[in-house]
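Undergrad: Please read through the structure below; I'll follow up with questions.
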Amino acid sequence: MNMPAARAWLTRLLDSDLCYDFCRSPVAIAAAVLVLLFVLGALLAPLIAPQNPFDLAEISILDSRLPPVWMEGGDPRFVLGTDDQGRDILSAILYGLRISLGVGITAVLAAACIGISLGLVAGYLGDRIDAILMRIADVQLTFPAILIALLIDGAANGLFGRLDREVFAFWILVSALALSFWVQYARTVRGATMVERNKDYVLSARIMGLPARLILMRHILPNVLGPVLVIATINLAVAIVTEATLSFLGVGMPPTQPSLGTLIASGNDFLYGGEWWIALFPGAALAILVLAVNLLGDFLRDALNPKLR
Amino acid sequence: MMLRRLVLAASLAAGLAANVAIPVSAQAETMKFAYQGAVNQLDPYSLNESFSLSMLANVYEGLVRRNAQLELEPALAERWEILSPTHWRFYLRKGVKFHNGNEFNADDVVFSAARVRSKGSDLGKRIDESARIEVVDPYTVDFLLDAPNPILHAEWETWFIMDKEWTEANNAVAVTSASDTTVNFAGLNANGTGPFRITSHESGVRTVFEPYAGWWDVALHNLTRVEFTPIASDATRVAALLSGELDLVYPVPVQDIKRVNETAGTRALIGPELRTVYLGMDQRRSELLFSSVKGKNPFQDVRVRKALYQAIDIEAIRAKVMRGMSTPTALLISPYLFGRASEIERFAYDPAAAKALLTEAGYPDGFELVMDCPNDRYVNDEAICQAVAQMLTKVGVKTTVNAMPKAKYFARILPSGGFETSFFLLGWTPGSLDSWNVLENLTSCRDDAGKGGAFNIGGYCNPASDALVKEIMAENDPVRRDELIFRAFALQHQDVAHIPLHQQGLAWGVSDRMVVAQRADDTLLFRYITKN
Amino acid sequence: MIGFAFRRLLQAGAVMFVVALISFSLFRHVGDPVNQMVGVETSTEQREALREQLGLNDPMPLQFVRFLGNAARFDFGTSYQFRQPVADLFAKRIPATLELAFTSALLALAVGVPMGVYAGLRRETVLARLFLSLSLVGISLPTFFLGMLLIYIFAVSLQWLPSFGRGDVVDLGGWWTTGFLTVSGLKALVLPAITLALYQMTLIMRLVRAEILEVVRADFIRFARARGLPDRLVYFRHALKNTLVPVVTITGLQLGSIIAFATITETVFQWPGMGLLFLQAVQNVDIPIMAAYLMLTGLLFVTINFIVDILYFLIDPRLRASA
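So the protein sequences, as listed, match chains A, B and C.
The first sequence: position 63 = 63 (this note's numbering), numbered continuously.
Just add 1000 to the spot in the second sequence (first one is 1) and you have this note's numbering.
Just add 2000 to the spot in the third sequence (first one is 1) and you have this note's numbering.
Shown next as structure tokens:
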């Protein structure tokens, strides 16, 4: 996006009622603070976590399955207890957040980039390109994220022969999620673009001889960014949940580099045995994070939709 | 009016269905059980897979069978004689009838011997290719061998005898092979001589067994119906037992044993299993496929192999990963199958010695290594691999675990996948319950295509050991044979050919109403079950 | 109109071709089918012979053409694990999945629409906010975790409902089995249906709420109220009617994804439907089943999309001009 347009849009956003609304909504503020805390925890994990749960030299099987510190048999080194490999749950949650948020944010950004570009092109040019792109979207829609992850997993297998989960799992998840999310952006942006392109200001810009790229960027894009932002926020929540589900099905992050989803999935095996902390603490972290992101998304949607005012 | 009539019809139908259901559920002796896998087809020669065969062992019978203690006993053969090392005579049981009423006789044995060795059969190795079968009279059969084989009948519990007339009449003589586009009659129906018959079979959903009234032996069980459902998810399977929907589930994950025991009305049946879980190292390639060491193979140095061995704290694995449900072992065979196994002791856990050995071998800073591991095959397989990786990393061998489902895992590490691994975990139960099977399959020299010891994935090769294995095959004197076996295992122990870990434990969850015999090879035989 | 429909039909055909290509080429590369078919003791020569016999050594395009030709006749070959025709296996499993999916969709509509209407009309009340918060929790909980919790509470702890399977089923005419007609079948349906419905329920609730909020502000509603019509009449005669079109459309589109998401629910509850069949196939590298499943879901989605496209064309005259 070119700078003046972006700046203008940003100023408009900040000056708009959005800021005002935000300051007046305690729920939105609480959600934003929570999300911020989670992001900070993820970013600073190497500094604040008591242990690096990915470093095999730092964990010991002899510390496995210790309960949280306030329970009988707890160990002060492990505030929230340990998992079946002797990983500190608190550290695992902080590092897991890095992966869960990393996968989610990267996937959403990638999906938004693909979706917006394709949606703009399809909506503005219409006709054949539109048809082709939307049919590609149909093909994609045929496969929900879970099937896409399996598909990419298989394709990677075929290409690399041998798949090192520790290296590839992150990117497999990102591509799987991005590939299943882009359609939403593309459809939204396409729809909005189709409406916008027949409006007088675009027609006049066209008559003035402005190149299509410029019209798209400067005039149409700013008008569709609102809904895109809303989709992106809600998608982030969906991405984190979907990642957890994929890990449950065994196509997510490996247990040696657990995301929140992997932690819950492996902790589930210990639920009936009474070792509830392995699943419950990561589960609570996941639920709170997703809830906070969803609340933000809700707030944004209501705030950015002038009709609801 | 229309609506009322519809409602009436629906409630009538529901009432009818409920009425039909009552007599079935009222029977106290119905046993419902679940296993993690499914019975995929009923043809007893289609697939050499231990669970399917163990289910079919309730329906079909071999000339011999094994009891609850795994001892061989007569089944369709009343007795047998070894006339010479290459000439065995089996005297068949008279008056035995198949489930369809047909008489069992020597023709069925000859037919079954031909069919099990025919194209498409996955159990061809049950009888030697060159063995000839001759009918002496309708109830006497001779087996003529090219070379002596003292354990000819050891795996015959699962060489099931089929009815010649039934198989021929239903056009099912050819074994349903994987590439056939239609399954034949024998794949969807069963007709054995065993204590139970299959009354309904829906692959992957439910299989129903009912007792066969005409069985030749005295029924010790009191079951009138057995329903089997496959439940892959550990948690769901355990939940179904705890909630009282099922009478028996297996396997029970080790972490749920406590819960099963503490819940009123259920208990866990645990015992040692015959399967040995061990780690293998690629000693054949001149450079490891997945390691930081280039230009040479560290595993060709016995000091490195021993260093890895001594870096592993097997007691920690037993206590923490297996929760006490394993027996550490120094050999690739269970002490239940080889009496002298306890004479060889594991190398002690000693990380300092391991580091010293690595330094001596020229790896003072260790090296990087990728470990391949299944995650749905053995008890806590992936957790064991992770624990091993921790321990190796602590002595400097930075190990990355690459865990995958068994389908992918075996596709990669078995001969057909080109033995694509540097360091792996495998479990093995000898089908014949005899050491020779272990030594031949897991330890004898092989070429790159897998000729020789086909499951010797690491490619360990010691001609002295191979010579012993050949001698064992031909030796008929049990004491002398055990001595040879002992020497072979001792040799491999000194070579650190493998890193044996443990025999895992069996864990079944049962309702308190059940009395069940748990066989050490994880086989569930209905004929030993009573429900109170 | 006919031209438009014809073009869309052609496009749908192209889509199905691509789906077929993807499902074929992907699963041709996952695992090794031969390993799945034989036991561990089978020799290398026997394995190679089997590869040859199965045509796995033929050139890829030939294998693909063979695949397409068979698929067109609903012949997806023989399952490697079950050694039965894949079409037969699916025929047996489809009733279970469809009964679960339709029950869930109905449940989602029956609960989601009233909640959404209420939350939209009385958006400031405590209850409406509670609904909204609940819907967020519904979206935030992973399906498998919810299923596990339900099993833990209602099957293991309280022992009210079964934890797995379909219960007793009644065979209707040999081509359909139903769990609707037995007590145990209905009981078995409760937990999986709730698990599967929750996400769609929250989706529908939020959608209805948003639509209601929009419609209430629309001019014709304002006019209606200005004319002095009672609120109730305005809301139910006019507002709700206008929100239902997008709701039904979305529900229709979601039906496909319900069936896809049923794989998770079916796995947790061991529900003998085609999702479970698919997941077992993935675990066992049963290529024919996987390919068939992808083709079937693909066909379902393309069909639904096609119908929705046509409906939009009929409803929205603006699209007609540009088409």
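Note that beta-carbon positions come from the ideal geometry of N, C-alpha and C, so glycine has one too.
Values in this document were obtained by computation on a predicted structure and should not be read as measured data.
Give me the chain C residues within the contact set of T1236 of chain B, using Cβ-Cβ distance strictly less than 8 Å, ordered along the chain.
TA: Result: I2151, S2163, F2164, V2268, F2269, Q2270.
Undergrad: Residue range of the alpha helix (DSSP H) that V2111 of chain C falls in?
TA: Run containing V2111 of chain C: 2086–2121, per the alpha helix (DSSP H) assignment.
Undergrad: Please check if any C-beta of chain B sits within less than 8 Å of the C-beta of N198 of chain A.
TA: Chain B contact via Cβ: absent.
Undergrad: Against chain B, does Q2159 of chain C count as a neighbour if the rule is that its beta carbon must be under 8 Å from one of theirs?
TA: Output row for Q2159 of chain C: interface = yes.
Undergrad: Would S1432 of chain B and E1368 of chain B qualify as a contact pair, given that the criterion is a beta-carbon distance under 8 Å?
TA: Not in contact: S1432 of chain B and E1368 of chain B (Cβ atoms no closer than 8 Å).
Undergrad: Where L1056 of chain B and A1106 of chain B are concerned, what is the direct C-alpha to C-alpha distance, given to the nearest angstrom?
TA: Looking at the two C-alpha atoms, the distance is approximately 21 Å.
Undergrad: Within 10 Å of its beta-carbon, does A303 of chain A have 16 or more other beta-carbons around it, so buried, or fewer, so exposed?
TA: When all chains shown are included, A303 of chain A counts as buried.
Undergrad: For Q2011 of chain C, count neighbouring C-beta atoms within 10 Å of its own C-beta (all shown protein chains included) and say buried if the count is 16 or more, exposed if not.
TA: Buried.
Undergrad: Which stretch, first to last residue, makes up the alpha helix (DSSP H) that contains A2224 of chain C?
TA: 2219–2226 is the extent of the alpha helix (DSSP H) around A2224 of chain C.
Undergrad: Considering Cα atoms alone, identify which of B:G1214, B:T1140, B:K1097, B:T1176 is closest to D1163 of chain B.
TA: Of the candidates B:G1214, B:T1140, B:K1097, B:T1176, the one whose C-alpha sits nearest the C-alpha of D1163 of chain B is B:K1097.
Undergrad: Report the residue from B:R1267, B:V1293, B:L1269, B:V1321 whose alpha carbon sits nearest the alpha carbon of Q1255 of chain B.
TA: That would be B:V1321, whose Cα lies nearest to the Cα of Q1255 of chain B.
Undergrad: For G1362 of chain B, which of helix, strand or coil comes out of DSSP?
TA: Of the three classes helix, strand and coil, the one that applies to G1362 of chain B here is coil, per DSSP.
Undergrad: Would you mind sorting T1236 of chain B into buried or exposed? The rule is 16 or more other CB atoms within 10 Å of its CB.
TA: Per the 10 Å Cβ criterion, buried.
Undergrad: In or out: Q2159 of chain C buried (at least 16 other Cβ within 10 Å) or exposed?
TA: Burial call: exposed.
Undergrad: Less than 8 Å between the C-beta atoms of G2256 of chain C and R2093 of chain C, yes or no?
TA: Not closer than 8 Å, so no.
Undergrad: Can you grab the Cα-Cα spacing for the pair V103 of chain A / L177 of chain A, in whole Å?
TA: Cα to Cα, the separation comes out at about 9 Å.
Undergrad: What residue range does the alpha helix (DSSP H) around I1231 of chain B cover?
TA: Looking at the DSSP string, I1231 of chain B is not in any alpha helix (DSSP H), and its letter there is neither H nor E.
Undergrad: Mind checking the segment 2200–2211 of chain C against chain B and listing, in chain order, the residues whose C-beta falls within less than 7 Å of any C-beta there?
TA: Per Cβ criterion, the list is empty.
Undergrad: Using CA atoms only, rank isn't needed, just tell me which of C:L2311, C:F2017, C:L2198 is closest to F2145 of chain C.
TA: Selected option, being the one with the closest Cα: C:L2198.
Undergrad: Relative to the alpha-carbon of Q85 of chain A, which residue among A:I136, A:Q257, A:M208 has its alpha-carbon at the smallest distance?
TA: Comparing Cα positions, the closest option is A:Q257.
Undergrad: Is the Cβ-Cβ distance between L296 of chain A and A31 of chain A less than 8 Å?
TA: In this structure, A31 of chain A lies closer than 8 Å to L296 of chain A by Cβ.
Undergrad: Using only the alpha-carbon positions, how far apart do L1392 of chain B and Q1386 of chain B sit?
TA: Near 10 Å, if we compare the C-alpha coordinates of Q1386 of chain B and L1392 of chain B.
Undergrad: Label S1025 of chain B either buried or exposed according to how many other C-beta atoms from any shown protein chain fall within 10 Å of its C-beta, with 16 as the threshold for buried.
TA: Any reading at S1025 of chain B needs caution, since the residue's pLDDT is 39, under 50, leaving its predicted position unreliable; the model's value is listed next. Looking at its Cβ environment, which holds fewer than 16 other Cβ atoms inside 10 Å, S1025 of chain B is exposed.
Undergrad: When you compare each of B:P1364, B:P1405, B:G1362, B:L1358 to N1380 of chain B by their alpha carbons, which one comes out closest?
TA: Measuring from the Cα of N1380 of chain B, the nearest candidate turns out to be B:P1405.
Undergrad: Tell me whether the segment 179–193 of chain A and the segment 106–125 of chain A touch, counting them as touching only if at least three CB pairs, one residue from each stretch, are closer than 8 Å.
TA: With the cut-off at 8 Å, the segment 179–193 of chain A and the segment 106–125 of chain A touch.
Undergrad: Three or more beta-carbon pairs under 8 Å between the segment 1261–1268 of chain B and the segment 1411–1422 of chain B, yes or no?
TA: They do not touch, by the three-pair rule.
Undergrad: In whole angstroms, give me the CA-to-CA distance for L263 of chain A and L80 of chain A.
TA: When rounded, the distance between both Cα atoms is 13 Å.
Undergrad: Would you call the segment 2012–2020 of chain C in contact with the segment 127–141 of chain A, where contact means no fewer than 3 C-beta pairs closer than 8 Å?
TA: With the cut-off at 8 Å, the segment 2012–2020 of chain C and the segment 127–141 of chain A touch.
Undergrad: Between which two residues does the beta strand (DSSP E) carrying C1373 of chain B extend?
TA: Counting along the chain, the beta strand (DSSP E) containing C1373 of chain B begins and ends at 1368–1374.
Undergrad: From the DSSP output, which residues share a beta bridge with W1080 of chain B?
TA: Partner(s): B:F1090.
Undergrad: Examine chain C for any beta-carbon lying closer than 8 Å to the beta-carbon of G1509 of chain B, and answer yes or no.
TA: No, its Cβ sits nowhere closer than 8 Å to a Cβ of chain C.
Undergrad: Cβ closer than 7 Å: which chain C residues qualify as neighbours of R135 of chain A?
TA: Within 7 Å Cβ-Cβ: Q2011, A2014, V2015.
Undergrad: Would you identify the three-state DSSP class for F2144 of chain C, choosing helix, strand or coil?
TA: If DSSP states are grouped into helix, strand and coil, F2144 of chain C belongs with the helices.
Undergrad: Once DSSP output is grouped into helix, strand and coil, what is the label at T1400 of chain B?
TA: In the structure shown, T1400 of chain B sits in a strand (DSSP, three-state: E or B).
Undergrad: Could one say the Cβ of L2062 of chain C lies closer than 8 Å to chain B's Cβ atoms, at least one of them?
TA: False, the Cβ-Cβ gap to chain B never drops below 8 Å.
Undergrad: Please tell me whether E1382 of chain B has its Cβ less than 8 Å away from any Cβ of chain A.
TA: Yes, E1382 of chain B lies at the interface with chain A (some Cβ there is under 8 Å from its Cβ).
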